[in-house]
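Here the sequence shown is numbered in my numbering, starting from 1 and rising by one per residue. No residue lacks a Cβ here, since even glycine has one placed at the ideal position from N, Cα and C. Just so it is clear, the structure is predicted and the values come from calculations on it, not from any experiment.
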Amino acid sequence: MKQIMKHQKWLAIGAAVMSVVLIIFICLLLFLPRASGDDAVFAGRSNALATFNKDVYGVLLLGSDEGATNTNGGNHTDSLTYLAVNRRTGEVIALPIYRDAFIPISCKSGTSDNANRIYRDYGAECLKQSVSALLGLPVDYYLYTTSDAFVTILNDIGPVAITPDESFCSNFGNDDQEYCFESGVSQNMNGNELLAYARYRGNSSGERRAERHVPMIQGILNQCAADKRVCAGSVLVQMANGKVQSDIEVEAAIDLLRATKVESLGVVGGSNFEDEHGWHQRVDLDDLVKKVQIIRERMGI
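Encoded structure:
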């Protein structure tokens, strides 16, 4: 019996050591300086990055209401923001997508639904394909986070400076505390305060809420760039818990952290309608085409 217990003890210690080694290895892989120059790939990784051989790529950022305390729940990706990234110039253009945008589901022919339900019902790859088909732009990667993981990561990396463009109070953080925001006044926001700011809709429109997410993305990227190891450690813990999920390549993640400015084109417009399944948004195709064309011209797609 003692030998069995001793063997189990050493197995547990070995597993713990391997976990620590794995985390350290991933952190080093993500955040050590590049082998040679800003555009060089890591030594020995050029073959592994076969799909990452172009200057422009698209990333879909997804924020879910999963893990939120003040919600009707259901793992809806209520925050959807498309980023077009030019890794050569460092230019990043954001195109927020309204959560209720009623779009065709690429993996289920002849079916449409609100954009915020596709990840939950059909998975990340189907949502990437559906958004790519809607925009006519590449969606190479995605990054998904739950509300509670968002709060934890933001608390770990420190406050994010945000200047609200409207005044309101919101209790949509996970602590149910009311936070107030004043238009034009910069505020340093931690996890729950930033979540309350991000999720508030109130008397304003869902489109305004979607547009509010872009300066948040910029602030979060800035914080992660300033302290890469703390950011990486926090994200890795949440990935281990399944609360952060992504297929982004190492090089693409680094390019995002180097972005000095994320420019927003504004949320894709539309008109709301209701049927037996609830509320939806009919996408304004003229507005969509105009904004996509701007991205194509600026990115040289």
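For this session: Return the CA-CA distance between alanine 198 and isoleucine 97, expressed in angstroms with no decimal places.
Result: The sequence position of residue 198 within the sequence shown is 198, counting from 1. The sequence position of residue 97 within the sequence shown is 97, counting from 1. It is roughly 14 Å from the alpha-carbon of alanine 198 to the alpha-carbon of isoleucine 97.
Exercise. Going along the chain, which residues of its own chain have a beta-carbon closer than 7 Å to the beta-carbon of serine 130, five neighbours each way excluded?
Worked result: For the purposes of this step, residue 130 is taken as residue 130 along the sequence shown, with counting starting at 1. Apart from sequence neighbours up to five positions away, the residues of its chain that approach serine 130 with a beta-carbon distance below 7 Å are Ile103, Pro104, Ile105, Ser106 and Ile118, ordered along the chain.
Exercise. What is the DSSP secondary structure of asparagine 116, counted as helix, strand or coil?
Worked result: Translated into positions along the sequence shown, residue 116 becomes position 116. Helix, per DSSP.
Problem set entry | Residue interval of the beta strand (DSSP E) (run including glycine 63) | For the purposes of this step, residue 63 is taken as residue 63 along the sequence shown, with counting starting at 1. Per DSSP, glycine 63 belongs to the beta strand (DSSP E) from 56-63.
Exercise. Taking the alpha-carbon positions, what's the aspartate 140 to glutamate 207 distance?
Worked result: Looking up residue 140 in the sequence shown gives position 140. Looking up residue 207 in the sequence shown gives position 207. If you take the alpha carbons of aspartate 140 and glutamate 207, they lie about 25 Å apart.
Exercise. Just checking, does the stretch 258-271 make contact with the stretch 143-159 on the three C-beta pairs under 8 Å criterion?
Worked result: Counting Cβ pairs under 8 Å, fewer than three are found: no touch.
Exercise. Hey, out of Ile254, Gly123 and Gly191, whose CA is closest to asparagine 62's CA?
Worked result: Locating residue 62 in the sequence shown gives position 62, counting from the first residue. Looking at the sequence provided, one finds leucine at residue 62 rather than asparagine. Considering only alpha carbons, the answer is Gly123.
Exercise. Between the C-alpha atoms of glutamine 187 and methionine 299, what's the straight-line distance to the nearest angstrom?
Worked result: Looking up residue 187 in the sequence shown gives position 187. Looking up residue 299 in the sequence shown gives position 299. When rounded, the distance between both Cα atoms is 33 Å.
Exercise. How would you label glutamine 218, buried or exposed, when you count the other beta carbons within 10 angstroms and need 16 or more for buried?
Worked result: As a working note, residue 218 is residue 218 in the sequence shown. Under a 10 Å Cβ-count criterion, glutamine 218 is classified as buried, with 16 or more other Cβ atoms of the shown protein chains found around its own Cβ.
Problem set entry | Residues near arginine 45 by beta carbon distance below 6 Å, same chain, minus five either side | The sequence position of residue 45 within the sequence shown is 45, counting from 1. Note on arginine 45: pLDDT 28, under 50, position unreliable in the model; the coordinate value appears next. None.
For this session: Look up alanine 259 in the DSSP assignment and say whether it is helix, strand or coil.
Result: Position 259 of the sequence shown, counting from 1, holds the residue named residue 259. Of the three classes helix, strand and coil, the one that applies to alanine 259 here is coil, per DSSP.
Exercise. Can aspartate 175 be considered in contact with the ligand COA, in the sense that its beta carbon sits closer than 6 Å to one or more heavy atoms?
Worked result: The model depicted lacks the ligand COA and carries no ligand whatsoever.
For this session: Counting only runs of 4+ residues fully inside the stretch 205-283, write out the alpha helix (DSSP H) ranges in chain order.
Result: Those alpha helix (DSSP H) runs which fall completely within the stretch 205-283 and span 4+ residues are 206-226, 228-240 and 250-257.
Problem set entry | Assigned secondary structure, isoleucine 105 (DSSP; H/G/I helix, E/B strand, else coil) | On the sequence shown, residue 105 is found 105 positions in, with the first residue counted as 1. It is coil, neither helix nor strand.
Exercise. Less than 7 Å separating the beta-carbons of valine 151 and asparagine 174?
Worked result: Along the sequence shown, one-based indexing puts residue 151 at 151. Along the sequence shown, one-based indexing puts residue 174 at 174. Going by beta carbons, valine 151 and asparagine 174 fall inside the 7 Å limit.
Exercise. Identify the residues that DSSP records as bridge partners of threonine 89: which are they?
Worked result: Position 89 of the sequence shown holds residue 89. Partner(s): none; threonine 89 has no beta bridge.
Problem set entry | Beta bridge counterpart(s) of asparagine 188 as assigned by DSSP | Taking the sequence shown and counting its residues from 1, one reaches residue 188 at position 188. Note: asparagine 188 sits in a beta bridge opposite Ala161.
Exercise. Should asparagine 241 go down as buried or exposed, given a rule of 16 or more other Cβ atoms within 10 Å for buried?
Worked result: Mapped onto the sequence shown, residue 241 falls at position 241. When all chains shown are included, asparagine 241 counts as exposed.
Exercise. For glutamate 211, does the count of other Cβ atoms within 10 angstroms reach 16, so buried, or fall short, so exposed?
Worked result: The residue you call residue 211 lines up with position 211 of the sequence shown. Label assigned to glutamate 211: buried.
Exercise. Rounded C-beta distance between glycine 85 and aspartate 255? I'm assuming under 8 Å.
Worked result: Position 85 of the sequence shown holds residue 85. Position 255 of the sequence shown holds residue 255. Just to set this straight, residue 85 is valine in the shown sequence, not glycine. That pair is a contact at about 6 Å.
For this session: Answer yes or no: do alanine 94 and threonine 81 have a C-beta to C-beta separation smaller than 7 Å?
Result: For the purposes of this step, residue 94 is taken as the residue at position 94 of the sequence shown. For the purposes of this step, residue 81 is taken as the residue at position 81 of the sequence shown. With a cutoff of 7 Å on beta-carbon distance, alanine 94 and threonine 81 are scored as near each other.
Problem set entry | serine 109 at chain C interface by Cβ criterion, 7 Å | The question asks about chain C, but that chain is absent: this structure has only one protein chain.
For this session: Report yes if the C-beta distance between valine 283 and leucine 135 is below 7 Å; otherwise report no.
Result: Counting from 1 along the sequence shown, the entry for residue 283 is found at position 283. Counting from 1 along the sequence shown, the entry for residue 135 is found at position 135. In this structure, valine 283 keeps its C-beta atom at 7 Å or more from the C-beta atom of leucine 135.
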